[in-house]
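Colleague:
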Amino acid sequence: MEEEGKPTENTGELTEDEVSKCLSNLGLSATGLQHVYQFLSIPGRNLTNVSILSNYIHLQKLELPYNRIKDLSCVSHMPYLIILDASHNELSDFFGFKPPKKLKEVNFSRNQISEMKDLSAYSSLTRLVLDYNSFSVIRGLEQCASLTHLSLAHNKISHISGLDKLPLKELYLRGNRIKKIENLQTLTTLQTLDLSCNKIRCLSGLQSLHLLGTLNLRSNQISDISEATHVQDLHLLRELNLQRNPVEDQPDYRLEVIFILQHLSKLDEQSVTAEEKVSAVNKYNPPMEVVAARDHMTHVVYQLMQPQVIFNSTLPSFDSPYPMLVLTGPQACGKRELAHKLCQEFSEYFAYGACHTTRGPYYGEEDGSDYHFVTEEEFQSMVHMGKFIQTVQYGGHWYGLSWEAIENVAREGFACCVHMELEGVLSLKSSYFEPRYVLLIPTSPEDYSNCLRRRGLYTVAQINTAVSRIQIYNQTHRERPGFFDSAIPCDDRGEAYKALRQLVKEYLGLEEQAGENNIRVTPDSASTAELSGESPAAGKSEVDNSLDSYYKNYQNKVQLQLTQRKTHAELASIQRRQQTIREALMGKSPGAYMQLFKRCTHTVPSSMDSRSRPAVGRPILDASEDSSSEESLASSGLSVRSSVGAFSAGSPAEISGAGSGPYVEPLDVSSLGQELESFRDPTKSCLTPDVPRPVPEQVSPTLGTSPARPGSNAKRILPPIPSGRKTAEPSPKP
Ligand SMILES: Nc1ncnc2c1ncn2[C@@H]1O[C@H](COP(=O)(O)OP(=O)(O)OP(=O)(O)O)[C@@H](O)[C@H]1O
51 MEEEGKPTEN TGELTEDEVS KCLSNLGLSA TGLQHVYQFL SIPGRNLTNV
101 SILSNYIHLQ KLELPYNRIK DLSCVSHMPY LIILDASHNE LSDFFGFKPP
151 KKLKEVNFSR NQISEMKDLS AYSSLTRLVL DYNSFSVIRG LEQCASLTHL
201 SLAHNKISHI SGLDKLPLKE LYLRGNRIKK IENLQTLTTL QTLDLSCNKI
251 RCLSGLQSLH LLGTLNLRSN QISDISEATH VQDLHLLREL NLQRNPVEDQ
301 PDYRLEVIFI LQHLSKLDEQ SVTAEEKVSA VNKYNPPMEV VAARDHMTHV
351 VYQLMQPQVI FNSTLPSFDS PYPMLVLTGP QACGKRELAH KLCQEFSEYF
401 AYGACHTTRG PYYGEEDGSD YHFVTEEEFQ SMVHMGKFIQ TVQYGGHWYG
451 LSWEAIENVA REGFACCVHM ELEGVLSLKS SYFEPRYVLL IPTSPEDYSN
501 CLRRRGLYTV AQINTAVSRI QIYNQTHRER PGFFDSAIPC DDRGEAYKAL
551 RQLVKEYLGL EEQAGENNIR VTPDSASTAE LSGESPAAGK SEVDNSLDSY
601 YKNYQNKVQL QLTQRKTHAE LASIQRRQQT IREALMGKSP GAYMQLFKRC
651 THTVPSSMDS RSRPAVGRPI LDASEDSSSE ESLASSGLSV RSSVGAFSAG
701 SPAEISGAGS GPYVEPLDVS SLGQELESFR DPTKSCLTPD VPRPVPEQVS
751 PTLGTSPARP GSNAKRILPP IPSGRKTAEP SPKP
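In terms of this note's numbering, the sequence shown opens at residue 51 and continues consecutively.
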């Protein structure tokens with residue numbers, strides 16, 4: 051039985067009867083005098099002859115897809131036609147009818163048309179779909195001033211042309227023979243461009259399409275990731291498809307493209323995640339913090355892979371970090387010169403820590419004095435041997451601060467003075483060292499740049515880089531209060547040195563010393579005063595006293611180390627501490643002293659936890675630092691002036707408040723013995739190692755005064771907190 055509305059198969063001729071069944075959308079005619087049907091849709095009926103439609107002059111939308119129509123001249127009689135779909139037919143004539151004035155959308159895809167003709171009469175056209183025909187040249191569209199959507203996919207086009215100044219928003223040229231992106235410069239309104247399945251190798255030619263949001267280049271011949279740079283400045287580009295291009299096979303292709311085009315939200319039909327963007331940036335242009343963290347990690351790992359060495363002299367001690375001074379600032383701002391000068395003037399206190407570098411020596415530089423000059427291979431071998439605390443690549447050369455460089459200075463009893471760039475500071479801040487960081491900063495970029503030029507050592511690019519880094523230093527100083535302990539303008543070296551000198555004197559408490567008629571406090575006297583509870587600075591303000599004690603502590607330490615004479619008790623204490631550390635290192639059970647003092651941990655402020663992060667040279671830190679501290683505590687409690695105890699003058703409050711503040715009794719040896727006994731034999735005590743024990747009164751106050759370092763006192767020995775930081779908390783480490 052014949053289907054409703056279906057023409058007789060033989061003729062393919064559309065009948066009035068069928069048309070009447072497919073009409074829809076009753077509305078007023080253009081004149082407004084009568085009601086007419088405006089839409090006609092007859093898809094897939096094998097129609098060949100639709101001439102009857104000449105009578106339907108009021109049609110606004112005509113859909114005749116999937117037929118076998120060759121002639122559409124009936125459209126000439128439809129002056130009100132707006133939408134025409136004649137796709138999937140057998141048309142060979144391009145717009146073979148008189149132009150309906152308001153015709154906006156035309157679909158001639160899947161026909162047999164091979165030539166485009168002048169469409170200047172179709173100025174209302176907004177959407178033209180001509181896919182799957184045989185066009186080889188784009189032409190005739192010049193006057194289509196409303197055309198925003200043009201699709202010419204799957205034709206035979208080999209050159210992009212004829213599109214100048216069209217207001218196109220979407221252009222589909224998929225599946226043609228295009229080798230080059232050309233003649234698109236004037237399509238400044240283009241938002242979507244599909245050039246997939248062509249033969250394109252290069253992305254040049256898209257630079258001016260600033261509204262482009264989607265670019266499909268799937269199945270082309272793009273083999274170089276750097277091609278993506280051509281669309282780098284298209285800030286609205288969100289979707290890019292480069293699937294099935296040779297470039298896809300390159301390692302890290304996706305990450306690299308994401309790095310170049312950081313605005314993308316979709317690459318190769320896959321959403322670009324925030325994690326990918328971060329990874330891409332970290333890989334190809336890592337921020338300084340990331341570089342520093344990696345540097346730190348590298349040296350931790352390489353050091354852990356080596357037989358463990360204990361750096362005695364710089365080991366984080368019970369009372370204070372090893373004293374260090376770091377001068378930082380942009381290249382050749384005078385850091386090195388001032389560091390040398392400082393070490394010369396304060397030769398009792400500081401010695402210069404020479405870094406290693408792979409750059410060759412400048413005229414007058416001596417190996418071992420300014421730097422240790424090594425080859426790239428030697429440097430890398432040192433890295434792999436875990437010899438560095440931090441390294442930095444600057445200006446194409448490697449620089450590194452070795453453990454040995456600091457130890458050599460520390461062994462002599464001096465504080466170490468080094469200079470380095472910001473990246474080095476960031477890395478060093480991850481280690482357990484807690485230097486004072488002094489920023490030397492040029493305030494006049496012009497003078498600084500002239501100064502670099504005068505040195506005659508740097509290329510223009512190097513000078514520009516150095517000058518541009520002033521900004522980075524300034525920004526860090528501005529945005530991270532406390533990152534640098536102090537900042538000194540260095541345009542005038544003389545003035546800079548004066549300021550630095552003054553600062554260092556403050557750090558050392560040398561001003562106070564002068565006020566005290568140059569009375570130097572010997573280790574013995576300091577220790578005696580400390581242990582007896584006398585305050586050498588009684589009556590002074592708390593701050594003064596703290597500076598005073600810093601100075602004394604530091605001086606005591608330096609003097610003691612210089613004399614190299616240690617009492618038996620001190621040596622025993624040091625040995626015990628080292629023994630505990632070694633045991634911890636070798637995985638033996640912690641010593642009895644450590645266990646004994648573990649019970650006091652509830653008196654230690656929680657801030658200690660934050661200090662237990664891993665750091666270079668601290669493979670044993672958590673165990674060793676505690677144990678060494680505890681051991682030292684025991685030593686001092688036993689009235690033995692240990693290497694640590696000798697410098698532990700008590701908290702400033704304790705000193706200044708002698709007589710009024712809490713006096714810390716030396717730990718009673720006999721009670722310690724009893725505790726030890728009970729620890730050895732659990733049956734003699736109701737306490738197990740896991741159960742908190744009651745704290746002897748004379749121990750807990752000492753531990754309780756430790757706000758920063760596990761088991762340490764609150765104070766720092768050297769460098770003391772400079773006036774600018776007396777109240778401020780140190781900035782969080784990156
Ligand atoms: N271990 C290190 N870590 C980080 N930066 C370092 C290190 N050692 C040296 N630097 C810095 O590297 C930069 C380049 O050093 P180099 O000695 O080659 O330059 P310079 O032109 O002599 O400048 P300067 O007078 O500042 O040393 C300097 O800013 C220097 O302070």
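For every residue, glycine included, the Cβ atom is placed at its ideal position computed from N, Cα and C.
According to DSSP, residue 244 sits in a beta bridge with which residue or residues?
Modeller: In the sequence shown, residue 244 corresponds to position 194, counting from 1. Per DSSP, 222 and 266.
Colleague: Are there any heavy atoms of ligand 1 lying less than 7 Å away from the beta-carbon of residue 382, as far as the coordinates show?
Modeller: Within the sequence shown, residue 382 is the residue found at index 332, counting from 1. Checking every heavy atom of ligand 1 against the Cβ of residue 382, one is found closer than 7 Å.
Colleague: May I ask you to report which of helix, strand or coil DSSP gives residue 513?
Modeller: Along the sequence shown, one-based indexing puts residue 513 at 463. If DSSP states are grouped into helix, strand and coil, residue 513 belongs with the helices.
Colleague: When the Cα of residue 212 is compared with those of 342, 128, 168 and 457, which residue comes out closest?
Modeller: Working through the sequence shown from its first residue, we reach residue 212 at position 162. The shortest C-alpha separation from residue 212 is found at 168.
Colleague: Please tell me whether residue 41 and residue 239 are closer than 8 Å, where the distance is taken between their beta carbons.
Modeller: Residue 41 lies beyond the range of the chain shown here (51 to 784); nothing can be said about it.
Colleague: Go ahead and label residue 509 buried or exposed: buried means 16 or more other beta carbons lie within 10 angstroms of its beta carbon, across all protein chains shown.
Modeller: Your numbering for residue 509 matches position 459 in the sequence shown. Label assigned to residue 509: exposed.
Colleague: Got a sec? Which residues, its chain only, sit under 8 Å from residue 245 by beta carbon, not counting five neighbours each side?
Modeller: The residue labelled residue 245 in the question sits at position 195 within the sequence shown. Result list for residue 245: 223, 224, 228, 231, 265, 266, 267 and 270, in chain order.
Colleague: Is the beta carbon of residue 390 within less than 7 Å of some heavy atom of ligand 1?
Modeller: Residue numbering aside, residue 390 sits at position 340 when the sequence shown is read from its first letter. Not so, every heavy atom of ligand 1 lies at least 7 Å from the Cβ.
Colleague: Looking at ligand 1, does it come within less than 7 Å of residue 540, judged from the CB to the closest heavy atom?
Modeller: As a first step, residue 540 must be located in the sequence shown, where it is residue number 490. The answer is no for residue 540.
Colleague: Among residues of its own chain, excluding the 5 on either side of residue 393, which ones have a beta-carbon nearer than 6 Å to its beta-carbon?
Modeller: The residue given as residue 393 occupies position 343 in the sequence shown. Hits under 6 Å: 400, 401, 402 and 467.
Colleague: Give every residue of the same chain whose Cβ lies closer than 6 Å to the Cβ of residue 44, excluding the five residues on either side of it in the sequence, and list them in chain order.
Modeller: Because the chain in this structure spans residues 51 to 784, residue 44 falls outside the shown range and cannot be described.
Colleague: Given 7 Å as the limit, tell me if residue 450 has its C-beta closer than that to any heavy atom belonging to ligand 1.
Modeller: Counting from 1 along the sequence shown, the entry for residue 450 is found at position 400. Correct: residue 450 has its Cβ closer than 7 Å to ligand 1.
Colleague: On the criterion of 16 or more Cβ atoms from any shown chain inside 10 Å, does residue 413 qualify as buried, or is it exposed?
Modeller: As a first step, residue 413 must be located in the sequence shown, where it is residue number 363. Label assigned to residue 413: exposed.
Colleague: Please classify residue 66 as buried or exposed, where buried requires at least 16 neighbouring CB atoms within 10 angstroms.
Modeller: Here the question's residue 66 lines up with position 16 in the sequence shown. Burial call: exposed.
Colleague: Under 7 Å Cβ to Cβ from residue 526, same chain only, skipping five residues before and after it: list those, please.
Modeller: Residue 526 sits at position 476 when you count from the first residue of the sequence shown. 472 and 533.
Colleague: Exposed or buried, which one is residue 82 when buried takes at least 16 other CB atoms within 10 Å?
Modeller: In the sequence shown, residue 82 corresponds to position 32, counting from 1. With fewer than 16 other Cβ atoms within 10 Å, it is exposed.
Colleague: Determine the contact status of residue 342 and residue 480, defining contact as a CB-CB distance below 8 Å.
Modeller: Mapped onto the sequence shown, residue 342 falls at position 292. Mapped onto the sequence shown, residue 480 falls at position 430. Yes, the pair counts as a contact, with Cβ atoms nearer than the cut-off.
Colleague: What does residue 106 pair with, by DSSP beta-bridge criteria?
Modeller: In the sequence shown, residue 106 corresponds to position 56, counting from 1. Per DSSP, none; premise fails for residue 106.
Colleague: Is residue 507 near ligand 1, with its Cβ less than 7 Å from a heavy atom?
Modeller: Within the sequence shown, residue 507 is the residue found at index 457, counting from 1. Because some heavy atom of ligand 1 lies under 7 Å away, the Cβ of residue 507 counts as near it: yes.
Colleague: Between which two residues does the alpha helix (DSSP H) containing residue 330 stretch?
Modeller: Indexing the sequence shown from 1 puts residue 330 at position 280. Note, residue 330: alpha helix (DSSP H), 324-334.
Colleague: Quick check: is any heavy atom of ligand 2 less than 7 Å from the C-beta of residue 443?
Modeller: No copy of ligand 2 appears in this structure; the ligands present are ligand 1.
Colleague: Three Cβ pairs or more, each shorter than 8 Å: is that satisfied between the segment 425-444 and the segment 330-349?
Modeller: As far as the Cβ criterion goes, the segment 425-444 touches the segment 330-349, which means the pair count is three or higher.
Colleague: Could you tell me the distance, in whole angstroms, from the CA atom of residue 305 to the CA atom of residue 140?
Modeller: Sequence index remark: in the sequence shown, residue 305 carries index 255 (1-based). Sequence index remark: in the sequence shown, residue 140 carries index 90 (1-based). Rounded to whole angstroms, residue 305 to residue 140 spans 47 Å at the Cα level.
Colleague: With 16 as the cutoff for other CB atoms within 10 Å, does residue 70 come out buried or exposed?
Modeller: For the purposes of this step, residue 70 is taken as the residue at position 20 of the sequence shown. Classification of residue 70: exposed, given that the 10 Å Cβ count is below 16.
Colleague: Run the CB neighbour count on residue 181, radius 10 Å, all protein chains shown included, and call it buried at 16 or more, exposed below.
Modeller: The residue labelled residue 181 in the question sits at position 131 within the sequence shown. By the neighbour-count rule (16 or more Cβ atoms within 10 Å), residue 181 is buried.
Colleague: With DSSP as the reference, please indicate the residues paired to residue 785 in a beta bridge.
Modeller: The chain is shown only over 51 to 784; residue 785 falls outside these bounds and no answer can be derived.
Colleague: Tell me the rounded alpha-carbon separation between residue 177 and residue 444.
Modeller: For this step, residue 177 is matched to residue 127 along the sequence shown. For this step, residue 444 is matched to residue 394 along the sequence shown. The alpha-carbon atoms of residue 177 and residue 444 are separated by roughly 57 Å.
Colleague: State the Cα-Cα distance for the pair residue 550 and residue 282, rounded to the nearest angstrom.
Modeller: As a working note, residue 550 is residue 500 in the sequence shown. As a working note, residue 282 is residue 232 in the sequence shown. Cα-Cα distance, rounded: 46 Å.
Colleague: As an exercise, report each continuous alpha helix (DSSP H) stretch of at least 4 residues that is fully enclosed by the segment 396-440, in chain order.
Modeller: Listed in chain order, they are 426-434.
Colleague: Taking DSSP as the reference, what is the three-state secondary structure of residue 239?
Modeller: On the sequence shown, residue 239 is found 189 positions in, with the first residue counted as 1. Reduced to three states, the DSSP call for residue 239 is coil.
Colleague: By the three-class DSSP mapping on this structure, what secondary structure does residue 88 have?
Modeller: What you label residue 88 is simply residue 38 of the sequence shown in a count that begins at 1. Correct three-state label for residue 88: strand.
Colleague: If residue 315 and residue 298 are in contact, beta carbons under 8 Å, what's the gap, nearest whole angstrom?
Modeller: Translated into the one-based positions of the sequence shown, residue 315 becomes position 265. Translated into the one-based positions of the sequence shown, residue 298 becomes position 248. With a Cβ gap of about 19 Å, residue 315 and residue 298 do not count as contacting.
Colleague: List, from N- to C-terminal side, the beta strand (DSSP E) runs of 3 residues or more that fit wholly inside the segment 366-392.
Modeller: As far as the segment 366-392 is concerned, its whole beta strand (DSSP E) runs of at least 3 residues are 374-378.
Colleague: Take residue 199 and list the residues in its own chain whose beta-carbon comes closer than 6 Å to its own, dropping the five residues that flank it on each side.
Modeller: Here residue 199 corresponds to residue number 149 of the sequence shown, with the count starting at 1. Same-chain partners within the cutoff: 177 and 220.
Colleague: So is the beta-carbon of residue 469 under 7 Å away from any non-hydrogen atom of ligand 1?
Modeller: Here residue 469 corresponds to residue number 419 of the sequence shown, with the count starting at 1. Checking the Cβ of residue 469 against ligand 1 gives yes.
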